[in-house]
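Protein sequences, first through last, are from chains A and B. Just so we're aligned, residue 1 is where the first sequence starts under my numbering, counting upward by one. Just so we're aligned, residue 456 is where the second sequence starts under my numbering, counting upward by one. All C-beta atoms in this analysis are idealised placements derived from N, C-alpha and C, irrespective of residue type, glycine included.
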Amino acid sequence: MTGSLLPIADAFTAVDQSYLLEARQMQALSLGVHIPLVCFGISFPAIILFCEALHMRTGKPVYRQIAKRWSKVMLILFAVGVVTGTILSFELGLLWPEWMANFGEVFGLAFALEGVSFFVEAIFVAIYVYGWDRLKPRTHFLTGIPIVITGFAGAFMVIAVNGWMNNPTGFDISSSGQVTNVDPLAALFNDFFWHEVMHMYMAGFVVSGFIVAGVYATAWLRGRRDAYHRAALIIPLTVASLAICVQLLYGDWAGREVAEHQPTKLAAFEGLEQTTKSASFTLGGVYVDDKIYGGITIPDMLSLLAFHDPNATVQGLDAVPERDQPPVGVVRNAFTVMVFAGSAMALLGLLYLFVWWRKARLPRSRWFYRAVILAGPLSLCALIAGWITTEVGRQPWIVYDVMRTEDAVTGAEGIPVGYAALALTYLGLATIVLVLLRRLARQPIERELPEEAAA
Amino acid sequence: MTAVDLVTAVLVAGITAYAVLGGADFGAGFWDLTAGGARRGARIRGLIKRSMSPVWEANHVWLIFVLVIFWTGFPTAFGTVMSTLYVPLFLAAVGIIFRGAAFALRGEAATIGEARALGATFALSSVLVPFFFGATVGAIVSGQVPAPPGGGDPWDSWTNETSLYVGVLAVALGAYLSAVFLAGDAVRAEQPDLIEACRRRALGAGAVAGLLAIGGIFVIRDDAPDLYDGLTSGLGLAVVIGSAAAGLLTLWLVWDRRFGPARFTSALAVGAIIVGLAVAQSPDFLPGVLTLQDAAASEDALVPLLVAVVIAAAILIPALTYLFRLTLRGTLDTEFRPIVAADRGKEEER
Chain A
1 MTGSLLPIAD AFTAVDQSYL LEARQMQALS LGVHIPLVCF GISFPAIILF
51 CEALHMRTGK PVYRQIAKRW SKVMLILFAV GVVTGTILSF ELGLLWPEWM
101 ANFGEVFGLA FALEGVSFFV EAIFVAIYVY GWDRLKPRTH FLTGIPIVIT
151 GFAGAFMVIA VNGWMNNPTG FDISSSGQVT NVDPLAALFN DFFWHEVMHM
201 YMAGFVVSGF IVAGVYATAW LRGRRDAYHR AALIIPLTVA SLAICVQLLY
251 GDWAGREVAE HQPTKLAAFE GLEQTTKSAS FTLGGVYVDD KIYGGITIPD
301 MLSLLAFHDP NATVQGLDAV PERDQPPVGV VRNAFTVMVF AGSAMALLGL
351 LYLFVWWRKA RLPRSRWFYR AVILAGPLSL CALIAGWITT EVGRQPWIVY
401 DVMRTEDAVT GAEGIPVGYA ALALTYLGLA TIVLVLLRRL ARQPIERELP
451 EEAAA
Chain B
456 MTAVDLVTAV LVAGITAYAV LGGADFGAGF WDLTAGGARR GARIRGLIKR
506 SMSPVWEANH VWLIFVLVIF WTGFPTAFGT VMSTLYVPLF LAAVGIIFRG
556 AAFALRGEAA TIGEARALGA TFALSSVLVP FFFGATVGAI VSGQVPAPPG
606 GGDPWDSWTN ETSLYVGVLA VALGAYLSAV FLAGDAVRAE QPDLIEACRR
656 RALGAGAVAG LLAIGGIFVI RDDAPDLYDG LTSGLGLAVV IGSAAAGLLT
706 LWLVWDRRFG PARFTSALAV GAIIVGLAVA QSPDFLPGVL TLQDAAASED
756 ALVPLLVAVV IAAAILIPAL TYLFRLTLRG TLDTEFRPIV AADRGKEEER
């Protein structure tokens with residue numbers, strides 16, 4: 001389904017809805033709130049379990065202190081993730097009922113499996129966090145393993161659905177819009193699934209690694225440099241630094257997949273109007289009114305990046321009618337933000353890894369720690385910008401080249417009211433969570449006895 | 456048994472589990488709301504927090520399970536229900552955000568004002584969410600959702616008598632279940648005064664819920680005659696009688712202070728109501744306009760879904776059993792502490 005003018009594209013009719021943009025923004029807001037929590041869900045359990053394993057291996061109480069404290073943060077973030085995830089499930093139906101009615105059976109299996117992993121995760125998060133000092137150390141460690149697996153599996157399944165939206169397979173469609181020959185497994189393992197999953201998985205480690213490291217970099221600058229703070233800085237910082245380097249490779253892979261399967265989206269990344277041989281790449285700049293202002297143009301670079309061939313032809317936006325083109329400005333600018341933020345973090349990570357490799361110590365400059373603090377919010381920018389790139393780049397389709405977003409939306413009234421209510425709710429929620437996490441950070445660290453008795 | 460029957464059974468089982476386990480958690484919020492002033496309510500609020508903390512996430516996930524089975528198994532019905540009942544469902548969803556966040560975060564409150572605000576948010580949304588879910592169920596079973604595609608009236612569809620009644624019933628049933636469960640938890644916490652307090656609540660709520668359930672028959676008779684026929688004949692009637700019997704047995708067990716078995720009979724009484732509603736409208740999904748057979752996804756989609764459910768059961772049943780065993784044995788219990796606020800920093804060792 002890589003062609004863009006298949007007759008099936010008109011199998012559905014637009015719903016009468018004056019607030020399509022608001023509906024999309026409402027969905028985007030909910031996703032934007034949920035995705036940072038997903039990052040923690042993906043990676044934080046693994047990092048915590050790594051600390052607990054270090055404690056079991058070395059017997060040093062500091063690692064157990066870290067694991068225990070972070071597990072409480074994990075519980076709060078998980079609880080908030082549970083509710084924001086629930087909202088998303090509701091919105092799929094409340095905002096896009098035509099999409100669900102027509103395609104629910106095609107991609108539903110992935111959500112069913114996601115529901116299962118979420119369930120297992122909820123069970124073991126509770127056992128793990130409330131089981132400190134109650135379960136035998138080994139048992140306790142083992143109850144953490146399902147959290148790591150399900151955190152990955154859940155994201156994996158949701159991204160399979162997103163991959164399917166971008167690269168729909170596993171069904172046929174009649175000219176009257178009837179979905180037939182459903183094959184949920186083919187839908188699950190679509191071509192977009194692998195690179196999207198790996199890209200997001202690494203993003204999970206980058207985001208939670210840099211955010212947690214930022215907290216302890218702040219402490220470091222304030223002179224708290226004991227064994228606890230040192231370990232709590234080094235572990236997430238190392239994780240994030242390694243992950244961001246791998247992420248560059250995955251980014252390249254993802255870009256090439258998009259070039260092959262969604263050429264129009266790639267053209268939007270670059271703001272490429274016409275189909276061009278040996279297309280140049282503009283690094284940076286701001287896209288306003290069909291033109292990039294500023295930035296450095298590198299000849300042949302886009303062809304080289306997209307197809308690993310400087311002479312390759314890159315399809316432009318003009319290959320499809322205007323109504324099938326995504327809003328280029330949003331896509332291009334989000335893409336630029338992602339690339340810049342990712343590159344800046346990669347430089348920071350490489351610097352850290354280099355110093356560690358050559359000198360086996362942390363960098364001494366205060367600027368380094370300030371940069372680490374900044375890397376936390378920067379990683380969130382890259383994350384959200386990356387999702388805007390791929391999701392706005394998917395427009396005007398909800399199911400790529402098959403169903404338009406305007407055909408999927410609800411006919412319900414009052415979307416602006418719902419949007420405003422949800423925005424206010426999330427604003428309040430974000431404020432409360434930040435205040436409370438800050439307070440948690442100020443609590444005294446629990447003392448661990450070097451030899452704690454098994455409960 | 457066809458694939459449609461099996462998926463229907465899975466969906467009803469999921470709704471039943473959510474009504475019982477999620478319902479009890481909502482009910483706990485009801486008791487939190489009605490516990491009285493900061494001083495008087497402190498002990499029961501402490502018990503509620505202690506009981507809910509390790510299990511509420513797992514209990515809540517049943518809702519996700521229900522949604523997922525609903526949209527995968529019955530996509531067209533899902534589309535119509537969502538296009539019609541978006542008002543109560545959106546309100547329930549927003550209530551869930553407030554409730555979950557307030558519960559997760561109230562332990563971190565530093566001042567009495569903060570604790571009150573978070574506590575009130577938790578308690579109030581705990582009452583509103585089951586009401587809106589109940590009203591949604593009421594609207595579906597009383598035939599307010601039109602045939603797909605498109606949707607029905609966003610307000611009239613769920614403000615008929617049956618919908619409002621089922622909403623109120625959902626709140627009452629949750630409160631009843633919760634009081635029974637909390638009484639058992641109070642025994643484990645070794646707090647005699649709380650055992651008595653919860654026992655009184657369980658008896659009172661049991662009586663109210665029972666009367667509501669009986670009285671509701673008359674509401675339904677006038678407002679949704681087809682549903683009434685389903686509930687008063689054949690298998691539907693048998694299930695209704697079973698529910699009533701389990702309810703009476705629970706009252707006796709609670710009276711006799713045997714809270715362990717009462718936990719199960721009360722769950723049975725509430726679960727049977729959900730099953731009864733499903734039986735009463737079978738073979739229709741949307742009464743009068745859409746059968747289960749027509750609402751269901753194709754066999755190609757249902758079979759993999761059922762396989763996934765079987766795999767899920769193989770993983771989830773042992774995991775849930777482990778969680779509930781640890782919980783009921785008290786392994787995950789935190790030290791009992793009344794919620795009086797302004798006691799932060801002494802946050803219990805978990």
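Residue i - DSSP class collapsed to helix/strand/coil
{"i": "ARG358(A)", "result": "helix"}
{"i": "TYR352(A)", "result": "helix"}
{"i": "LYS277(A)", "result": "strand"}
{"i": "THR297(A)", "result": "strand"}
{"i": "ARG676(B)", "result": "helix"}
{"i": "LEU21(A)", "result": "helix"}
{"i": "ASP172(A)", "result": "strand"}
{"i": "THR527(B)", "result": "helix"}
{"i": "LYS60(A)", "result": "coil"}
{"i": "THR457(B)", "result": "coil"}
For residue j and residue i, believed in contact at Cβ under 8 Å, the rounded distance
{"i": "SER506(B)", "j": "LEU637(B)", "result": "6 Å"}
{"i": "VAL462(B)", "j": "LEU761(B)", "result": "7 Å"}
{"i": "ILE415(A)", "j": "GLU22(A)", "result": "5 Å"}
{"i": "PHE78(A)", "j": "GLY41(A)", "result": "7 Å"}
{"i": "PHE714(B)", "j": "GLY501(B)", "result": "So it is not a contact: roughly 18 Å between Cβ atoms."}
{"i": "PHE192(A)", "j": "PHE269(A)", "result": "Rounded, the Cβ-Cβ distance is 15 Å, inconsistent with contact."}
{"i": "MET157(A)", "j": "TYR400(A)", "result": "The Cβ separation is near 19 Å, so there is no contact."}
{"i": "ARG654(B)", "j": "ASP788(B)", "result": "Rounded, the Cβ-Cβ distance is 20 Å, inconsistent with contact."}
Any C-beta of chain B under 8 Å from that of residue i
{"i": "MET100(A)", "result": "yes"}
{"i": "PRO450(A)", "result": "Unreliable positioning characterises PRO450(A) in this predicted model, as indicated by a pLDDT of 46, which lies under 50. The coordinate reading is nonetheless provided below. Output row for PRO450(A): interface = no."}
{"i": "TYR419(A)", "result": "no"}
{"i": "LEU422(A)", "result": "yes"}
{"i": "PRO7(A)", "result": "For PRO7(A), the pLDDT reaches just 48, beneath the cut-off of 50, and the residue's location in the model is therefore unreliable, although a value from the coordinates is still provided. So no, PRO7(A) is outside the interface."}
{"i": "PHE111(A)", "result": "yes"}
{"i": "VAL125(A)", "result": "yes"}
{"i": "THR86(A)", "result": "yes"}
{"i": "ILE76(A)", "result": "yes"}
{"i": "LEU429(A)", "result": "yes"}
Which listed residue (the options) has its alpha carbon closest to that of residue i
{"i": "PRO36(A)", "options": "TYR419(A), LEU95(A) and MET202(A)", "result": "MET202(A)"}
{"i": "LEU221(A)", "options": "PRO363(A), ALA408(A), ALA14(A) and ASP16(A)", "result": "PRO363(A)"}
{"i": "GLY170(A)", "options": "SER176(A), GLN17(A), CYS39(A) and ALA186(A)", "result": "ALA186(A)"}
{"i": "LEU706(B)", "options": "LEU783(B), LEU658(B) and PRO530(B)", "result": "LEU658(B)"}
{"i": "VAL392(A)", "options": "THR84(A), ASN162(A) and LYS359(A)", "result": "ASN162(A)"}
{"i": "GLY376(A)", "options": "PHE205(A), ASP172(A) and GLN27(A)", "result": "PHE205(A)"}
{"i": "LEU440(A)", "options": "GLU52(A), LEU75(A), GLN25(A) and ARG64(A)", "result": "LEU75(A)"}
{"i": "PRO97(A)", "options": "THR539(B), GLY598(B) and ALA559(B)", "result": "THR539(B)"}
{"i": "VAL592(B)", "options": "TRP613(B), PRO609(B), ASP608(B) and PRO601(B)", "result": "TRP613(B)"}
{"i": "VAL249(A)", "options": "ARG323(A), LEU266(A), GLY284(A) and VAL339(A)", "result": "With the sequence shown as reference, residue 249(A) is identified as Leu, and Val is not the correct amino acid for it. Comparing Cα positions, the closest option is VAL339(A)."}
Cutoff 8 Å: residue i Cβ touching any chain A Cβ
{"i": "PRO601(B)", "result": "no"}
{"i": "SER597(B)", "result": "no"}
{"i": "ARG489(B)", "result": "One detail in the question is off: residue 489(B) reads as Thr in this sequence, not Arg. THR489(B) does not count as touching chain A."}
{"i": "ILE772(B)", "result": "no"}
{"i": "GLY568(B)", "result": "no"}
{"i": "VAL582(B)", "result": "no"}
{"i": "LEU732(B)", "result": "no"}
{"i": "PRO543(B)", "result": "no"}
Residue i: contacting residues in chain B (beta-carbon distance under 7 Å)
{"i": "VAL105(A)", "result": "The sequence shown places Glu at residue 105(A), rather than the Val named in the question. Going along chain B in sequence order, the residues near GLU105(A) (Cβ under 7 Å) are THR527, PRO530, ALA752, SER753 and ALA756."}
{"i": "ASP183(A)", "result": "ASP755"}
{"i": "GLY93(A)", "result": "TRP526, PHE533 and MET537"}
Contacts of residue i in chain B (Cβ-Cβ under 8 Å)
{"i": "THR425(A)", "result": "VAL549, ILE552 and PHE553"}
Partners in chain A for residue i, counting only beta-carbon separations shorter than 8 Å
{"i": "VAL516(B)", "result": "VAL82, GLY115, PHE118, PHE119 and ALA122"}
{"i": "LEU787(B)", "result": "ALA126, ILE127, TYR130, GLY131 and ARG134"}
{"i": "VAL523(B)", "result": "SER89, GLY108, PHE111, ALA112, GLU114 and GLY115"}
Where residue i meets chain A, residues with beta-carbon distance less than 7 Å
{"i": "ALA767(B)", "result": "VAL116"}
{"i": "VAL510(B)", "result": "ALA126"}
{"i": "GLY593(B)", "result": "Ordered by position in chain A, no residue passes the 7 Å Cβ test against GLY593(B), which lies about 18 Å from the chain."}
Contact set between residue i and chain B, taken where Cβ atoms lie within less than 9 Å
{"i": "LEU31(A)", "result": "None at all; the shortest Cβ gap to chain B is about 15 Å."}
{"i": "ILE159(A)", "result": "In chain order: nothing, as chain B lies at least about 16 Å away."}
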